[in-house]
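Trainee: Pasting a structure below so you can have a look.
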């Protein structure tokens, strides 16, 4: 057999195995995905300036039955939602226009969940928010 044909078959088989492994890894580890603004701490309380026509997102990794307690306040209404990405947007808490809110969310599955605020107003808004991850039995 010609050496070029051998290399072609080796390349084809190796590429196929790597592609199959990639698909398998994505299915096995669905929460391992790049996320924007992933929190490193289990609690946080800060304020940010949210420019007009912009969004701010803070993400937290939760395991099944972990609770995310959170709240925020702004001087003007902002669009708020809690969501996660799994090939499409899932919104356990749908988008609402609010100036303040406090709540708790219990994760039904292990996932990276994101709190998101959007400023549809004409001027900047000061957003003060906090969150705390509560683990069962703690």
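Numbering (the numbering used here), first residue to last: 74 to 211.
Backbone N, C-alpha and C define an ideal beta-carbon position, used for all residues, glycine too.
Predicted model only: the values in this text are computed from it and were never measured.
Return the chain-ordered list of same chain residues with a C-beta closer than 8 Å to the C-beta of residue 137, the five sequence neighbours on each side being excluded.
Mentor: These residues qualify, in order along the chain: 180, 181, 182, 183.
Trainee: To the nearest angstrom, how far is the alpha carbon of residue 194 from that of residue 153?
Mentor: Straight-line Cα distance between these residues: approximately 13 Å.
Trainee: State buried or exposed for residue 97, treating a residue as buried only when at least 16 other CB atoms are found within 10 Å of its CB.
Mentor: By the 10 Å Cβ count, residue 97 comes out exposed.
Trainee: Going by DSSP in three states, residue 136 sits in which element: helix, strand or coil?
Mentor: Coil.
Trainee: For residue 186, count the other beta carbons within 10 Å of its own beta carbon; 16 or more makes it buried, fewer makes it exposed. Which is it?
Mentor: Under this definition residue 186 is a buried residue.
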